[in-house]
Structures are given as structure tokens and as C-alpha cells.
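**Student:** Pasting in a structure now, in C-alpha cells, and then I'll have a few things to ask.
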Amino acid sequence: MVPQGLPGALGRQLGDPLAAERPELSVELDEVCSASPVVFRQIGRSTEGRPLGGDSYGDGPLKISLVAGAHADEPVGPRTLERLAGWLETETAAKPLLEKATFSICPDINPDGRERNSTWTGSSPTDLRDYLRHRERESPGDDVEFGFPEAGGRPARKENLVTADFLRERGPFNFHASLHGMAFAEGAWYLVNRREPADTADLREKLGAFTASLGMGFHDWDRQGEKGFFRIAPGFCTTPTSSAMKRHFEDLSQPLEAEKFLPSSMEYTASLGGDPLCMVSEIPLFLVTPTPPGSSTPGANFIDLLQRLPEAWAEFESGREEGLLKLEGLFSLEPVPERTAMKLQLGMIFLASGLLELEELL
């Protein structure tokens, strides 16, 4: 399946090379992760008055949009995009990519949430107890990811209006990514706006090999369509949709919550035309011991942890640590190195957009 909207010379299958003949490209991911974060041009202000940044890099025909930070307690994505932009802006090695693609980047679309979580996000590796004590996250009805403007919908937040204007002025796009994370998972989890397995087979093979090269496995969780999450294969699931989110809360007899959901960044970007491939990276802060192969329930260890954690945390808050220590023993809960998480996000961007091949990521 070839996505619509690509320039004719660049027609390809998902994740395939941009063209049969191309200059040799390669990207040292460690160099990207080590780049100095760029100071972005201010494109607006948040609800609480903090600056929102965004800018475009390159002038190539492959149009890539990247956002991060929608969920306040997922700190890696903004850092990834700040360093990617710094690398694109300053490094000679980036020049061939800038001739192939135009990157439109909003590194942090929720700076207010980032500030509220700053008490725990500065430690490396992430400390589990600091995370559980201090993490703050918006309620579902105030979700920045599902807050992009829609005719007839509720008024959108300032952050969403500013980001939507930025994307609309630069769209349509060929590829869009919203960088997210999970507190706990058994590996990397990639969400994609293509449901048929055949549409993503090549991409899944490449991303699987790249993920394994960093010592990470796949998270596998079959949510059976809840909120729009349909399992495609281990490590891959469909992106959730605003309509499915609304149905979920309506089924819970919470119609007022359901009404609050607006299009996601993926849905908004797709509305600009071009049938873009849209993806979400879900990289864990803490790695859960993988479920043994052959289990009848994908992600059984992860699901078990989620069921046990509230009681263990309540005990910890009352001064008893035994329950939390037991969970750490049962499920490992090792913090994922930030550089590994950043590389996984960068690899998804470069491979899924078709900008690079697996052997060109070093």
C-alpha cells in the first residue's frame, strides 16, 4: 500500500527507501542524543503563559511533523525532539536529510505540565518512588493529545490552538509522530494509524530489528478495541481515536467526560490531507519482566502489575514499603536509560518516515 500524497518520485511502501538510487546516508544516533537542545522560535503561549516553541528544518519534499509532551508525565519525548532539532540545525551530517525532508517540530506542546513534573524528571535514572510520589497528569477530559480543534467541539486549549495553526500552515504531511511514553511496559510499543497487518509488515520487521538491536523487546497488550486500541502484532497496535474515546466514557455513563474529547494530533494532521502515516511511540520509564513465551494472555506480567500497584502504593504512602519491594522483586521494574528511549523514538521517526534504512542507523 502506497500512502497518498507523496511526491511522485518518492512513492514507496511504508518504511521503504525514498528512491531506488540515493546518496549514502547515515545517522549516528549517539550524536543526535548528545546534541545541545535548540532554542525554538516562540509560536505562542500556554494556558499559564509559558512559551510554546516550534520551527521547521530543511526543504525536502518528504514532509514530517513531530510533536511531544502532550502527557505531562512522559518526559523523554520533548528532550528527544529538542536534541533532534539541535542536531538538524548545527551538524553537517544532517545536511543530506534536510535535502530529502522538511521537519516541522513542536517539541513540547504541554509546557505547563512539564513544569509540574519537574520535581522528579531531573533524576537519571528515573527513581520509582519519586515518580510515584510526584507525577502529575491531566484528567482524560483535559488531555492535550485529544484536544485539537474541531468544528462544533468544545473550545480547545491555547496549546492545541497554537500547535494546530503551526501544523496547518505547513501541512499536508507524509508522516506524523507524537512521542509518548508509558510508566511501565514489557518493552517498546508502537501505535500506527493502519489497522491491516499487511500495510505495516515491512515497517514492523525493520522496527523490530532496530528495537532488538538496543536490547529492548516488544510490549504486547491486547486491549480488544478499547478506546480504539486494536492489536496488530506483538509491539504494534492501532492509534486510539477520539470517537472511540467518547464511546468509552459514554459506556461508563460519563457523557460529560465523553463530550470533552476532541481530535488527537494524529487525527488533526490527517485532516490536513495527504493520508499521512501517523505513529505514536510508547517507550516505558520502567521495564517490566517480560511475560514468558506461550502465555495465553499477552502482557500478563504487565497486567498483573497494574492490578497490584495501587494497593502497594497505598501501603507505601502509609509508611509500609513491603508491598512495593515485593513488586520490584516480582517484576524487576528497571528504569529504562533515557538515551535508549530517545534512540527508540528517533529510530521510529527515521525508519517509519522512510527517510532512512535500518543499516543507515548507527
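For what it's worth, the working numbering labels the leading residue of the sequence shown as 119, then goes sequentially. Ideal placement from N, C-alpha and C gives every residue a C-beta, glycine not left out. Quantities reported herein were computed from a predicted structural model and do not represent experimental measurements.
What do you get for residue 322, buried or exposed, if any count of 16 or more other CB atoms within 10 angstroms of its CB means buried?
**Tutor:** Counting Cβ neighbours within 10 Å, residue 322 comes out buried, since at least 16 surround it.
**Student:** Here's a check: name, in chain order, each residue in its chain whose Cβ is nearer than 7 Å to the Cβ of residue 462, leaving out the five neighbours to either side.
**Tutor:** Only 306, 329, 332, 334, 399, 401 meet the Cβ criterion.
**Student:** Could you give the residue range of the beta strand (DSSP E) that holds residue 425?
**Tutor:** Counting along the chain, residue 425 falls outside any beta strand (DSSP E), though it belongs to the alpha helix (DSSP H) covering 418-435.
**Student:** Between residue 274 and the rest of its own chain, which residues show a CB-CB distance below 7 Å, the 5 nearest in sequence each way excluded?
**Tutor:** Hits under 7 Å: 265, 266, 267, 380.
**Student:** Looking only at DSSP bridge pairs, what is residue 220 linked to?
**Tutor:** Note: residue 220 sits in a beta bridge opposite 181.
**Student:** In terms of alpha-carbon separation, which member of 320, 214, 302, 198 lies closest to residue 152?
**Tutor:** For the residues 320, 214, 302, 198, the minimum Cα distance to residue 152 belongs to 198.
**Student:** Less than 7 Å between C-beta atoms, sequence neighbours within five positions excluded: which residues of the same chain meet that for residue 309?
**Tutor:** Excluding residues within five positions, the ones whose Cβ falls inside 7 Å are 355, 356, 357, 397, 398, 400.
**Student:** For residue 242 versus residue 456, is the C-beta spacing smaller than 8 Å?
**Tutor:** Cβ atoms of residue 242 and residue 456: closer than 8 Å.
**Student:** What runs of the alpha helix (DSSP H), each 4 residues or longer, lie entirely inside the stretch 354-382?
**Tutor:** The qualifying runs are 360-369, 373-377.
**Student:** From which residue to which residue does the alpha helix (DSSP H) around residue 252 run?
**Tutor:** 246-252 is the span of the alpha helix (DSSP H), which, as asked, contains residue 252.
**Student:** I think residue 294 touches residue 192, with their Cβ atoms under 8 Å apart; what is that distance to the nearest whole Å?
**Tutor:** Between residue 192 and residue 294 the Cβ distance is about 17 Å, and since that is not below 8 Å, they are no contact.
**Student:** Could you check if residue 370 is buried or exposed, using at least 16 other CB atoms within 10 Å of its CB as the buried criterion?
**Tutor:** Flag for residue 370 reads exposed.
**Student:** Could you pull the DSSP bridge partners for residue 400 from this structure?
**Tutor:** Answer by DSSP bridge pairing, in chain order: 298, 307.
**Student:** What is the DSSP secondary structure of residue 173, reduced to helix, strand or coil?
**Tutor:** The answer is strand: DSSP assigns residue 173 an E or B state.
**Student:** Return the first residue and the last residue of the alpha helix (DSSP H) that residue 469 is part of.
**Tutor:** Residues 456-470.
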